[in-house]
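Participant: Numbering (UniProt numbering), first residue to last: 1 to 269.
First the structure, which I've put down as structure tokens, then a few questions once you've had a look.
Here's what the structure looks like:
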């Protein structure tokens, strides 16, 4: 009767141990690094703080984006949970199959000699086969994360960037009311309709524009002159049309001033 494979040799084998002598796969390392950076893998299963950081970096910061943050984190957490569930299934299947092969070798060792090298070779073959499955799992998970990130970033860009026509309309109003660039609620509603944006976006745009203008008056002076010239041409055409049609337009009633408006005039002065 031939000597069987020792139990200590059998139990000492593991997925990682059998791969210690093999050089690391560059593609697998790249996928691992990406999953770690996105908070999908690592010491905190399911993402944790890393996932929050990745979500914040992906969709930006600010109170307006809190819902986006929550939605992004929820979807990222879902991807992470699926990944870890499938990874556990993979590891379990690999271990079970390795154990099965080791048991077969144990039985065969009773009738023929089996060297440790033959055992290692067989185990390495098993793990290489399973490694391709692991690669596919990590690749598909990375792709899912990139699709999620791209979708959220694209959505933010669409909301953040107005059309060229909308920007022209807002700039024309701003520079034609440069002495008092605080549109009334009625004016904001009209601008929102013309630009196909929300009332809140109009308010935010004017607030940001006033801040940028006060900080860079010299830089925006050329832009102001351009829109002033356009306004003058438009006004001339309107007067010519009015004279031609013998029509008169009632003058616009200026809105009442506020402390903020006085502050704006002080800065421009």
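For every residue, glycine included, the Cβ atom is placed at its ideal position computed from N, Cα and C.
A quick note: this is a predicted structure, and the numbers were derived from the prediction, not measured.
#1: If you drop the 5 nearest sequence neighbours on each side, which residues of the same chain put their C-beta closer than 6 Å to that of residue 45?
#2: Can the beta-carbon of residue 127 be found less than 8 Å from the beta-carbon of residue 94?
#3: Between which two residues does the alpha helix (DSSP H) containing residue 184 stretch?
#4: Going by the beta-carbon positions, is the gap between residue 202 and residue 38 smaller than 8 Å?
#5: Output the boundary residues of the alpha helix (DSSP H) element that contains residue 200.
#6: With a threshold of 16 other CB atoms inside 10 Å of the CB of residue 74, please say whether the residue is buried or exposed.
#7: Rounded to a whole number of angstroms, what is the C-alpha to C-alpha distance between residue 187 and residue 226?
#8: Taking its Cβ as the centre, do 16 or more other Cβ atoms sit within 10 Å of residue 102, making it buried, or is it exposed?
#9: Where does residue 112 fall in DSSP's three states?
#10: Note down the Cα distance separating residue 122 from residue 96, rounded to an integer number of angstroms.
#11: Out of 24, 71 and 194, which one is the CA nearest neighbour of residue 149?
#12: From which residue to which residue does the alpha helix (DSSP H) around residue 26 run?
#13: Please name the residue, chosen from 112, 195, 185 and 182, that lies closest to residue 169 on a Cα-to-Cα basis.
#14: So residue 171 is in the alpha helix (DSSP H); what residue range does that whole segment cover?
#15: Less than 8 Å between the beta carbons of residue 138 and residue 31, yes or no?
#16: Is residue 141 near residue 217, with beta carbons less than 8 Å apart?
#17: Can you tell me whether residue 270 is buried or exposed, with buried defined as 16 or more other CB within 10 angstroms of its CB?
Facilitator: In brief:
#1: The predicted model places residue 45 with a pLDDT of 49, which falls under 50 and marks its position as unreliable, so this point remains unresolved.
#2: Yes, the pair counts as a contact, with Cβ atoms nearer than the cut-off.
#3: Premise fails: residue 184 is in no alpha helix (DSSP H) and is neither H nor E.
#4: Not closer than 8 Å, so no.
#5: 199-215 is the extent of the alpha helix (DSSP H) around residue 200.
#6: So residue 74 ends up on the exposed side.
#7: Going by the C-alpha atoms only, they are around 22 Å apart.
#8: Buried, by the Cβ-count rule.
#9: Residue 112: coil per DSSP, three-state reduction.
#10: Each residue's alpha carbon lies about 14 Å from the other.
#11: Cα-wise, what sits closest to residue 149 is 71.
#12: Note, residue 26: alpha helix (DSSP H), 26-37.
#13: Comparing Cα-Cα distances from residue 169 to each of 112, 195, 185 and 182, the minimum goes to 195.
#14: DSSP places residue 171 inside the alpha helix (DSSP H), whose first and last residues are 164-176.
#15: Contact: yes.
#16: Not in contact: residue 141 and residue 217 (Cβ atoms no closer than 8 Å).
#17: Summary: the structure shown does not reach residue 270, with the chain confined to residues 1 through 269, and so no result is reported for it.
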